[in-house]
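> If you read the protein sequences in the order shown, they are chains A and B.
When the letters of the first sequence are read in order and numbered with this note's numbering, they come out as residues 4 to 500.
When the letters of the second sequence are read in order and numbered with this note's numbering, they come out as residues 4 to 500.
Beta carbons are placed, not taken as given, at the ideal position from N, Cα and C, and that holds for glycine.
Let me begin by handing over the structure; questions about it come next.
There are 2 protein chains.
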Amino acid sequence: MTTHPYTSLENRFRRIGALHEAQGILHWDMAVMMPSGAASGRAEQLSEISLVVHEIMNDAETADLLAAAEADPPTDAHERANLFEMRRKHVHATAVEADLVAALTKASSDCEMCWRDARPANDFAAVSGKLENLLMLVREQATAKSEALSCASYEALMDQYEPGIRESDIDGLFDDLLGFLPGVLEKVLERQARGAAPVIPEGPFPVGAQRALAEEFMKRLGFDFDRGRLDVSLHPFCGGVPGDVRITTRYSEDDFAHSLMGVLHETGHALYEANLPEKWRLQPAGQARGMAMHESQSLLIEMQLCRGSEFLEFAAPLMREAFGVDAAAWRSDNLAALYRRVKPDFIRVDADEVTYPFHVILRYRLEKALVAGDLSISELPAAWNAGMEKLLGIRPPDDRHGCLQDIHWFSGSFGYFPTYTMGALAAAQIFAAIRRDNPGLTGAISQGDFSPITGWCAENIHTRASFASTDEILAEATGQPLGTAAFRDHLEARYLA
Amino acid sequence: MTTHPYTSLENRFRRIGALHEAQGILHWDMAVMMPSGAASGRAEQLSEISLVVHEIMNDAETADLLAAAEADPPTDAHERANLFEMRRKHVHATAVEADLVAALTKASSDCEMCWRDARPANDFAAVSGKLENLLMLVREQATAKSEALSCASYEALMDQYEPGIRESDIDGLFDDLLGFLPGVLEKVLERQARGAAPVIPEGPFPVGAQRALAEEFMKRLGFDFDRGRLDVSLHPFCGGVPGDVRITTRYSEDDFAHSLMGVLHETGHALYEANLPEKWRLQPAGQARGMAMHESQSLLIEMQLCRGSEFLEFAAPLMREAFGVDAAAWRSDNLAALYRRVKPDFIRVDADEVTYPFHVILRYRLEKALVAGDLSISELPAAWNAGMEKLLGIRPPDDRHGCLQDIHWFSGSFGYFPTYTMGALAAAQIFAAIRRDNPGLTGAISQGDFSPITGWCAENIHTRASFASTDEILAEATGQPLGTAAFRDHLEARYLA
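So this is what it looks like as structure tokens:
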């Protein structure tokens, strides 16, 4: 009896999946546990595992098996979807020559290390040479992948994070947004200016109490501490592996909301990972669909649910209790005003949900021009500042508040930014569908019962993994492919009603 | 230009070394951080890495390279030693057929899981079938390895932990021990009975204070927290990797000494790993010499140094200060009497240094007979109890206090036990040599300056890694191969002077 090529491929990708999981834990450890002196050894461990994966992918037999399996595809639809994803992974892994991969790894690492000093020093010139070198290699990578994927160069870069996405998709969404968002923003700011400023709760907020409250909300959202952890790291993230999802935060005794909202955001990511189908755990189609869908899940929890009035009605007494105070600051309407403050400002990661898309649109325009060669690195700071002024009417005082603020480009990640706003749009669309499907939702949320939301997502998003495209999953779940209407409705209902 | 076979081998073993390091961190995480539900996924990640190592080892080209390098060995003595260790690793990795390796892995895991319940339930019958099955496979493994190594079956098992060791070596050491140890024990017990019982310091001992004190001693011993960690786990161990050494302990508020002595013991292991030569980090000859030498380093710190009077003179005020009390219990002579209490008892891990060798000798005799087929599993409990009565004059009340107490056999580790006593003997011999080479040692220790000890070990033991045999390293460092004289002198000086 001979083994079907698809079955042999499943075994190869299962091996790759297990090795990627090992890397997932090692990466988490690096950010959360590893002592400072162990960095170079860890880099060696991780790169050795990457090399093994590279060898399995680039083995001639893997290519032969893929061709044979595609010539005689499995009858099962899930297996066919998995084969499709295997091919996609294979294209990404083999499109670029080993020399270029090595050069990219080195240039990314060099540039990122340099950026870590250049940002606080507000010294774009110190990093611009390394960024230029990195961009040159990224362009080569984009060209190679665009040929293998039959798409435009910039699309090939986006495809690494959001499979199958096209510039025309993004252009359509962003044009729609620019059609109404400036007007919405103007009205929100006017309205906000007419009201009283919210009262800021006074700390200190003890770390132990913050952690206990975060865990309480995580548990209520369905986070399983037998299959995950909450820890501390410099830059909060959701890591680990699907059966062992590990989120991190950073506590400040002066401000509990920043950490708490971060935890809720990462919990959204974590629930997605935790609910991926166990049976397909190590297979390509068993992974989360892409970064847009992933961001939709974090923003669904943080922005749609937890900054919503119903949630804050439920949460306000728990917050009061956790921090042992009782004042006007802790009324849910005050918290709502506080956590939904809108203000055009320079830093993306601190932006509210109304101004956030402008930050992304600016970066999308700039990175497309950089990859196309229409904008040079030396022109970047001026182009950034001009773009910011045009989009949000504010001009960064320096590059630290401008083009130096994000790690993405300096670590070689071009094509990632659009997924943030795609995620925000999808989150609004999904939350509207959940409301539609759950008439008693408002009552459930204010009672602290989030199962209508998490259950719906598990069924309609999480367990679908990568068995369909982002738009297919969204259309089946919400009735529409990704659009801007629900986001507009959401902003109008929350900020202008 | 062609690459020398030795250079190609270095690259292969560097890869294996990096993969083993990745496993080291994943194992640490499993014991210290991993949530309970993630066990099966972790097993899959670890076994995938093992499979990759297995494939590199069993690749025909690895065997060809070894033969070619041995035919034209490198001129550098360190490289020749490394080649020798490569061959040893290769023999162990390839002597046993893949089917038997898989069967052993499964049988070990099954038997160990069963033992975890059988021990607290005091139910040897519940696990004896699985142990019998496992022993049968261990015998097959021993036969295969003994042919490849040209030694006896039991020696082939010991060789996994203590390379090159022979039964005649162990028999010689243990016969010597049995020549004086019963007499020493009798005299120690008589003398002890004549004195007053030590006063036991009263708790509770807050965990935070215990941890701070442990860290203080670790730092004074030279543990580098930029290249290592101290954490909590159920079973204390020293894990991680040489540039990132991670030790664990377990705190009880009722008894700080158990945790503290455990930390000091693991610190001894940690210093060995931390001082291995960085240049050879991922090569076979760059690893610690064997389990006897490793245990010598932990016992040197715990038993020779930290239970010694000079150390306790230095430590007693720090302990008093840490736990905020001031009483007769905290006098260094009382602590010395307390931490050196000798008592024949049933449990090896709780045994004092005088009775410990009897526990090891019993296990050595029994496991040799089991591997040879001279003793059956069904006869084991009775043989254990009879042996205990003969050696220490006490009879276990049940199997939980007898043959069920240790994990080793139930997890497939036969041939490990002798290294504990070899380590105790080596520790005494090394400490005597350090005293010989450092006339001012007593004063330094009571001042809290341990650098004469740690510096001596770094130079004479740690940085020697596996570039010579255990006996060669010991002979060069102390003037003698491993023997019992220094241990006898130590016991007489500490307990009978």
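Going straight from the alpha carbon of B/W213 to that of A/L407, what length do you get?
The sequence as given places Gln at residue 213 of chain B; Trp does not occur at that position. Going from the Cα of B/Q213 to the Cα of A/L407 covers about 45 angstroms.
> A/S156 versus chain B: which residues are under 8 angstroms apart at the beta carbon?
Correct list: empty, because the minimum Cβ distance to chain B is about 34 angstroms.
> Taking the alpha-carbon positions, what's the A/D174 to A/G225 distance?
Between A/D174 and A/G225, the C-alpha separation is close to 36 angstroms.
> Whole angstroms are fine: how far does the CA of B/E495 sit from the CA of B/P330?
Reading off the sequence, residue 330 of chain B comes out as Ala, not Pro. Those two C-alpha atoms are separated by around 29 angstroms.
> Can the beta-carbon of A/A110 be found closer than 7 angstroms to that of A/N136?
Cβ distance < 7 angstroms, so A/A110 and A/N136 count as in contact.
> From which residue to which residue does the beta strand (DSSP E) around A/T251 run?
247-252 is the extent of the beta strand (DSSP E) around A/T251.
> Taking Cβ positions, are A/V99 and A/A63 nearer each other than 7 angstroms?
No, the pair does not count as a contact, with Cβ atoms beyond the cut-off.
> Considering only their Cβ atoms, is the gap separating A/L233 from A/I250 smaller than 7 angstroms?
Yes, the Cβ-Cβ distance between A/I250 and A/L233 is below 7 angstroms.
> Determine the direct distance from the alpha carbon of B/C114 to that of B/R368, and round the result to whole angstroms.
Going by the C-alpha atoms only, they are around 22 angstroms apart.
> What does A/P38 reach in chain B if we use C-beta pairs closer than 7 angstroms?
Simply F228, D229, R230, G231, R232, D247.
> For B/W283, I'd like the list of residues in its chain whose CB is within less than 8 angstroms of its CB, leaving aside the five on either flank, ordered along the chain.
Contacts found: H81, N85, G289, A468.
> Counting only beta-carbon separations shorter than 7 angstroms, does A/V191 have a partner in chain B?
Taking Cβ atoms only, chain B never reaches closer than 7 angstroms to A/V191, which makes this a no.
> Distance cutoff 7 angstroms, beta carbons only. Does A/A217 sit that close to anything in chain B?
No, A/A217 does not count as interfacial toward chain B.
> Which one of A/A70, A/N337, A/A121, A/D492 has the shortest CA to CA distance from A/A430?
Among A/A70, A/N337, A/A121, A/D492, the Cα nearest to that of A/A430 belongs to A/D492.
> For A/T358, collect the residues of the same chain with a Cβ closer than 8 angstroms to its Cβ; drop the 5 residues on either side in sequence, then sort them by chain order.
So the qualifying residues of the chain are L188, V345, K346, P347, D348, L395.
> In the stretch 7-32 of chain B, which residues sit with their C-beta less than 8 angstroms from some C-beta in chain A, listed in chain order?
For the stretch 7-32 of chain B, which is checked against every Cβ of chain A, the residues closer than 8 angstroms are R18, A21, L22, E24, A25, I28, L29, D32.
> Closer than 7 angstroms, CB to CB, is A/A525 near chain B or not?
Chain A is shown from 4 up to 500; residue 525 of chain A falls before or after that span and cannot be answered.
> Just the chain B side, please: which residues come within less than 7 angstroms of A/V55 by C-beta, in chain order?
Those within 7 angstroms of A/V55 in chain B are V55.
> Any C-beta of chain A sitting closer than 7 angstroms to the C-beta of B/Q48?
At least one chain A Cβ lies under 7 angstroms of B/Q48.
> On the criterion of 16 or more Cβ atoms from any shown chain inside 10 Å, does B/G311 qualify as buried, or is it exposed?
Result: buried.
> How far does the alpha helix (DSSP H) with A/D229 in it reach, from first residue to last?
It is not in any alpha helix (DSSP H) - A/D229 carries neither H nor E in the DSSP assignment.
> Going along chain A, which residues have a C-beta under 7 angstroms from B/A41?
Near B/A41 (Cβ distances below 7 angstroms), the residues of chain A are R230, G246, D247.
> Could you spell out the range, first to last residue, of the alpha helix (DSSP H) harbouring A/G446?
444-449 is the extent of the alpha helix (DSSP H) around A/G446.
> Using 8 angstroms as the Cβ pair cut-off and three pairs as the minimum, do the stretch 294-301 of chain B and the stretch 420-429 of chain B touch?
The stretch 294-301 of chain B vs the stretch 420-429 of chain B: in contact.
> Is it buried or exposed, A/D75, if we count other Cβ atoms within 10 angstroms and call 16 or more buried?
With fewer than 16 Cβ atoms within 10 Å of its Cβ, A/D75 is classed as exposed.
> Within this structure, are the beta carbons of A/Y157 and A/V374 separated by less than 7 angstroms?
The answer is yes: Cβ separation under 7 angstroms.
> Over what stretch of residues does the alpha helix (DSSP H) that includes A/V374 continue unbroken?
Looking at the DSSP string, the run of the alpha helix (DSSP H) that includes A/V374 is 359-375.
> Give the residues from the stretch 246-280 of chain B that approach chain A closer than 8 angstroms (Cβ to any Cβ), ordered along the chain.
Of all residues in the stretch 246-280 of chain B, G246, D247 have a Cβ within less than 8 angstroms of some Cβ in chain A.
> For a cutoff of 7 angstroms on Cβ pairs, would you count A/G289 as touching chain B?
No, because no Cβ of chain B sits closer than 7 angstroms to the Cβ of A/G289.
> Quick one: is B/N61 buried, meaning 16 or more other Cβ sit within 10 Å of its Cβ, or exposed?
Exposed is the call here.
> Would you kindly check if the distance between the Cβ of B/V248 and the Cβ of B/E281 is under 7 angstroms?
No, the pair does not count as a contact, with Cβ atoms beyond the cut-off.
> What are the start and end residues of the beta strand (DSSP E) that includes B/C241?
First-last of the beta strand (DSSP E) with B/C241: 241-244.
> Secondary structure at A/D62, three-state DSSP: helix, strand or coil?
Coil at A/D62, not helix or strand.
> Could you name the residues of the same chain whose beta carbon sits closer than 8 angstroms to that of A/E269, not counting the 5 residues immediately before and after it, in chain order?
Cβ neighbours of A/E269 beyond the five flanking positions: P239, F240, C241, I250, T251, T252, S301.
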